[in-house]
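Beneath this line is the structure, given in structure tokens, with notes to follow.
Number of protein chains: 4
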Amino acid sequence: MTSDTIAAVVMTGAGRPLEPRRFVAPRPRPGGAVLETIASEVCGTDVHLHHGRLAGVPYPIIPGHVSVGRVLESNGPLSDVDGREIRPGRLVTFYDVYGTCDGCWHCLVAKTPTRCLNRRVYGITASADDGLLGGWAERIEILPGVRLIPLPDGLDVLDFMGGGCGLPTGFHAVERAGITLGDTVVVQGSGPVGLNATIFAQLAGALRVLVIGAPKLRLEAARRLGAEEVLDITEETSEERVRWVRDRTSGRGADVVIEASGNPAAVSEGLEMLRDGGRYVVVGQYTDAGDTALNPHRHINRKHATILGCWGYEFTHLHRALAMMVRYNGRFRWRELVTREYGLADAGRALEDMERLRVVKALIRLER
Amino acid sequence: MTSDTIAAVVMTGAGRPLEPRRFVAPRPRPGGAVLETIASEVCGTDVHLHHGRLAGVPYPIIPGHVSVGRVLESNGPLSDVDGREIRPGRLVTFYDVYGTCDGCWHCLVAKTPTRCLNRRVYGITASADDGLLGGWAERIEILPGVRLIPLPDGLDVLDFMGGGCGLPTGFHAVERAGITLGDTVVVQGSGPVGLNATIFAQLAGALRVLVIGAPKLRLEAARRLGAEEVLDITEETSEERVRWVRDRTSGRGADVVIEASGNPAAVSEGLEMLRDGGRYVVVGQYTDAGDTALNPHRHINRKHATILGCWGYEFTHLHRALAMMVRYNGRFRWRELVTREYGLADAGRALEDMERLRVVKALIRLER
Amino acid sequence: MTSDTIAAVVMTGAGRPLEPRRFVAPRPRPGGAVLETIASEVCGTDVHLHHGRLAGVPYPIIPGHVSVGRVLESNGPLSDVDGREIRPGRLVTFYDVYGTCDGCWHCLVAKTPTRCLNRRVYGITASADDGLLGGWAERIEILPGVRLIPLPDGLDVLDFMGGGCGLPTGFHAVERAGITLGDTVVVQGSGPVGLNATIFAQLAGALRVLVIGAPKLRLEAARRLGAEEVLDITEETSEERVRWVRDRTSGRGADVVIEASGNPAAVSEGLEMLRDGGRYVVVGQYTDAGDTALNPHRHINRKHATILGCWGYEFTHLHRALAMMVRYNGRFRWRELVTREYGLADAGRALEDMERLRVVKALIRLER
Amino acid sequence: MTSDTIAAVVMTGAGRPLEPRRFVAPRPRPGGAVLETIASEVCGTDVHLHHGRLAGVPYPIIPGHVSVGRVLESNGPLSDVDGREIRPGRLVTFYDVYGTCDGCWHCLVAKTPTRCLNRRVYGITASADDGLLGGWAERIEILPGVRLIPLPDGLDVLDFMGGGCGLPTGFHAVERAGITLGDTVVVQGSGPVGLNATIFAQLAGALRVLVIGAPKLRLEAARRLGAEEVLDITEETSEERVRWVRDRTSGRGADVVIEASGNPAAVSEGLEMLRDGGRYVVVGQYTDAGDTALNPHRHINRKHATILGCWGYEFTHLHRALAMMVRYNGRFRWRELVTREYGLADAGRALEDMERLRVVKALIRLER
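Protein chains in written order, with my numbering: chain A, 1 to 368; chain B, 1001 to 1368; chain C, 2001 to 2368; chain D, 3001 to 3368.
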């Protein structure tokens, strides 16, 4: 049923070229499964991985944390979260976080599972020495306990991959924001996370969403996805951007601002855009890009602000984001976020296009 | 019933000496009242006012925002929030905020009354040209609509004044912190706000409170008020202080940190003391003391932190804080926070002692 | 500018016929205004008023709590919540609650203004002896402090009146429900409140809304307003209705159920439709229609249910609901909820049609 | 190290006498352990079990869900939630819920683990045919994955057992109540859950707690544990009890009422005791004792009430309750709740004393 060896792309270290490598075809461990990869994401995290901006990455790794595959083989019965059986041949995706222990202080007492110390992520903190634990490969090994999600009826591979990891991340950021009906929301950043935040902010009750970002390609996507207005960050100064928001909010600032840019300076600028008593979500600072200056009196205390960091996402966010995608796939065309598809051999080029923002999303698509 | 003129102390401008001045004895406006002052607070805000660190202060002002007086005369019936009549002769305090409109966008739509643009505060944003609207005077004019609170049975003037404006401010900060049963709480700052936060954090369910501050006099007060341990900020470096907290929290940091210091640098230090998923309240940055450097990745995003600015207090905080003081006045000796009492003529010295941290709280006590 | 007397319709007591009556044309009190009535609602509350099912109604009253009028005259400047001037000639509606004191324990301490003991409502708890305080009249008197809202650009009278009092009530119910992205929501009842809850549940992030009600006319409206499926309550038993919901929710029940029916038995039935850990909002029990049997073990405790009563609405709900109506008036055609318009002289017939559910909404429309 | 067989007490079915039985001494499964039992609780649940009032109980069972034992043997290393090793000889208790899957819809999507369908509880839903999974036995088998908690320094067996399962249950109820500083709390029921709710309500910020229950023995315990006033339910009518609460709350009712009585009629009575906008927690309806009549208009809708069912408890509740017990063991003398200790052979008498309310808590104490 499986060939003897399979192809994969390996990131061997920070700054080094991607490397094609062949692996022995894996067999599922008890309780696990093996997928035949259909598509895998190239995202901003992969650019960060390539630059060595994340701590604790066990290079060499096989990138690709969000993927779709077909169940090739399982070792024991598989089922989804509703207890329905998943049979070989089914198209699935999976929650890319594994190892969360449900047994430590963070999981059990504080109930902050995204901060569990045992947490590992496919394509990011899983070493290629431990198996095919990333999507830039012809096969993906599903470890026991990893949560499979059948691709729902009505969605095809491109729909889902258009969302990618930005889908549950943007969803989580919007949930964290506690949007109430009628809020004016500003999104800083027009990458996949910012665009998904733009979508889910509307679905969660925002009156309107204003997006500040670049380049044009992404701002156009923001408009198509319902942003009332967009502002090109390269054409205005910070002060003008703040004034642009205040001019649209009776001078008060926005009820909610979601930072999805990755630029530390966005934080103080975003707080200037926030109304007194508003909520500010920081979701874009995935890597350490340095410090920023903040004024605790003006930005936090007198503003009576609520600032909410948002790390990773939980299964519930992916599960519910996917259900919403099924329902709203007509109104929001996630698939159009995939600017271009690449073969496994072209992963390096995909990474480069992503880095240079030539694409909204890049996809590794395996031929069949 | 009243003398023809009454004595008051006036702050005529930033950096200028306090000035004794006599005013025509006021008569109550319709719906208002006049109090004979018994005692009025000297607090950190008064020091800020004297240094000109607050914007929009309409000098000359009569300082003293939290006071106790005896109802001398009213123009129409007076009642408390429960509808019970307040008669002349009764000892009362009052909610020092007036002018909040219950009619603007902040009051009605966002429901953030402490950010109402029409909000004024006795002793801070009320001009002496408009009347006796501060407690450093023999009489206080109660404007129509100002909420009077009879001093409850079981509390005397000193008990209440020992709480002062730090009582509802610390209460508000603790409410904003959303303390849950079993939390470890760090309080940065051992002034009146920090000490009241120490008290209310315990009453709200904290397992233990650790206080970091200075000088010794205040740290001793913190210990008497139930702090499990205290740390003298002058004897340790920032890194040592962070380690001190982590050593006491399984290396994870505290569940809640409350900043009540007024030092911008406390914010980044406090976030280092906070556990992942914890809550950080900024209540001490009442004036603009400059910027501080923050790392959005490490301090907010990856930490999944919740940072909560806390501005002013609402009537509900004062009302409920006072009820708690009545019940817990035995366990926590608020009156002992008043290190020293001064006559009206000695207001300047009181201010100086406050500024130099020679006292925990200073009180203007009018002779009778 | 005004005629000497104006026409109105008066409800003189429970069960008595409506009575046309002429009043002296009112002049605005200081801070108040007079509106020339354009349209006023006939709603389920008016039917209850006519049956004498509300306590404390000071008959005779002029019904009509939600109305649109044109500012005829004011006594002093008028402005909206943003401080913008409202000039004579402007089309406005207003927050129908007045008298809320912002001074009592409920307003200030508990912050539950819809339970303020001084709260009065136009058209419901205002006596005709006190003035033109209801919309079934050619003029409406705006008392000082009543909050005017200019009809926004892009909405005409019929759009707004199609929402009527069901708009902010349904909005409030949905806010109280705490809907999270992806929730399945059941709405019990297809009257104006249920239909607006159907709309706002979707806008607040519901994956889908299932509506149970009658008659066909209203269920068809529910479908047009986005309900995924509807069930005619007259065609199924209670057990079948519960099964109908469970069949659509993996057997678990809905995440959120909103009761908007007014039938006490709906409460236990609705709790059977609710999943474990779900939220149940009771907004339809506006009058006392008797008791119902509940099983505290099965319906509340073991289910770990959250049950939320929802009384009245605050200004913020009306303000934000209106903003959402402006934005979503294309997707949801509120104006189509007005089945029929009646002249002032036909108010009795409008009331009867409302009572017999021959219309979704009835409107008193004054000729000009 | 272990004898060949060990003694246990078995409940063979509803209404049948308890039966002494000997079991082969168990050896730990991989990842599991065996405890030498020191003490085990006799609680109201055991009375319910004996009466057959719980559904799905796999008789025969070994009762005793909350216990303390000494680690006799483990199969692999053991550790607590902080990762600290637990060695043989250590006194421990354990979270009595096992089997929760962290994999189903309830665990992962809704995050309501106390409603996980795979959830099992020591001493309640574990069959004696499956091993020594209850505390009324000389040994307790700790299954792999069951969370051990070392008995903290400063607590002895009697302190902890005085809390028993009422400790985390009362803790959970108080957390669910969302008590805010200054709340007046009524507790209905003076059994172990009600008494622990009385304690934790105070620790969570209640101004005062009023307890309604019986018999005298338990009401005296309530007073010792800080209840401001108590009312003997056998001496007053329902109307008098409601009036008693209203007389103590300015006629408004309590901010929070916690039902811990098990009597369905307590629910409507408790809602009469609740103020408008208050919170009502139902934690005592652990078994189905029938329906009660409720008035949805008066009790829920107009009251703008929040009613919160509370099922079971999570690890976090037990963990944090225990930490609070360590700190507050001087102020609240949990150990005094144990009215009497019984040998294993006297389990039947303990059960009977519990049923007849002759004791606050009964304890099975194994001789050593």
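By construction, the Cβ of each residue, glycine as well, lies at the ideal position given by its N, Cα and C atoms.
This structure is a prediction, so every number in the text was calculated from the model and none was measured.
The contact set of K3303 of chain D on chain C, defined by CB atoms closer than 7 Å, consists of G2309 in chain order. Distance check between A1033 of chain B and each of B:R1365, B:L1155, B:L1132 places B:L1132 closest, using alpha-carbon atoms only. Look at the beta carbons and you see the segment 2049-2062 of chain C touching the segment 2009-2018 of chain C: at least three pairs across the two are nearer than 8 Å. For the options D:G3064, D:E3367, D:R3358, the alpha carbon positioned closest to that of R3218 of chain D is the one of D:R3358. D3102 of chain D reaches chain A at D102, counting residues in chain order whose Cβ is nearer than 8 Å. Neighbourhood of R1208 of chain B in chain D, by CB distance below 8 Å: R3327, in chain order.
For the 8 Å CB-CB criterion, Q188 of chain A and A305 of chain A do not form a contact.
In this structure, L3337 of chain D and A3221 of chain D form a Cβ contact; the two beta carbons are roughly 6 Å apart against a cut-off of 8 Å. Contacts between D2082 of chain C and chain B, judged by CB atoms closer than 7 Å, involve W1105 in chain order. By alpha-carbon distance to F2315 of chain C, the top candidate from C:G2343, C:Y2098, C:E2073 is C:Y2098.
Among the residues of the segment 2054-2072 of chain C, none has a Cβ less than 7 Å away from any Cβ of chain D. Around S2250 of chain C, the beta-carbon contacts reaching into chain A at under 8 Å are D82. The beta carbon of R1223 of chain B sits closer than 7 Å to the beta carbons of V1230 from its chain, once the five residues preceding and following it are set aside; these are given in chain order.
For R241 of chain A, none of the residues of chain B pass the 8 Å Cβ criterion, the least Cβ distance being about 17 Å.
Each of A:P192, A:G154, A:D156 was checked against the Cα of G164 of chain A, and the nearest Cα belongs to A:P192. The continuous stretches of beta strand (DSSP E) do not include M2354 of chain C, which lies in the alpha helix (DSSP H) extending over residues 2347-2355. Under the three-state reduction of DSSP output, T3125 of chain D falls in the coil class, being neither helix nor strand. With contacts defined as CB atoms closer than 8 Å, V146 of chain A and A254 of chain A fail to qualify as a contacting pair. Here the C-alpha atom of Y95 of chain A lies approximately 12 Å from the C-alpha atom of R320 of chain A. At least 8 Å separates the CB of I3140 of chain D from every CB of chain C. Chain-order list of chain A residues neighbouring R2320 of chain C: L181, G182, by C-beta distance under 7 Å. With a beta-carbon spacing of about 7 Å, S1067 of chain B and E1041 of chain B fall inside the 8 Å limit used to define contacts. Under the three-state reduction of DSSP output, I2062 of chain C falls in the coil class, being neither helix nor strand. Here R2022 of chain C is not near T2037 of chain C, since their CB atoms are 8 Å or more apart. Interface residue (Cβ-Cβ distance to chain A less than 8 Å): A1293 of chain B is classified as such.
Distance check between E73 of chain A and each of A:H65, A:T114, A:R29, A:V157 places A:R29 closest, using alpha-carbon atoms only. With respect to T3114 of chain D, G3312 of chain D sits close: the two C-beta atoms are nearer than 8 Å. Not flagged as an interface residue toward chain D: V174 of chain A, since no C-beta distance is shorter than 8 Å. Neighbours of Y2286 of chain C across chain D, judged by C-beta separation under 9 Å: H3297, N3301, R3302. For F200 of chain A, the residues of chain C that pass the 7 Å Cβ criterion are L2181, in the order they occur in the chain. About 44 Å separates the Cβ atoms of D3288 of chain D and R2120 of chain C, ruling out a contact at the 8 Å cut-off. Taking 8 Å as the CB threshold, A3260 of chain D stays off the interface with chain B. Inter-segment contact for the segment 1128-1142 of chain B and the segment 1053-1061 of chain B is present: three or more beta-carbon pairs are separated by less than 8 Å. Beyond the five residues adjoining it in sequence on each side, V3209 of chain D comes within less than 7 Å, by CB distance, of V3185, V3187, T3198, A3201, Q3202, G3226, A3227, E3228 in the same chain, given in chain order. Rounded to whole angstroms, the gap between the alpha carbons of F1171 of chain B and I3300 of chain D is 30 Å. If you look at T2012 of chain C, you'll find it isn't in any alpha helix (DSSP H); DSSP assigns it neither H nor E.
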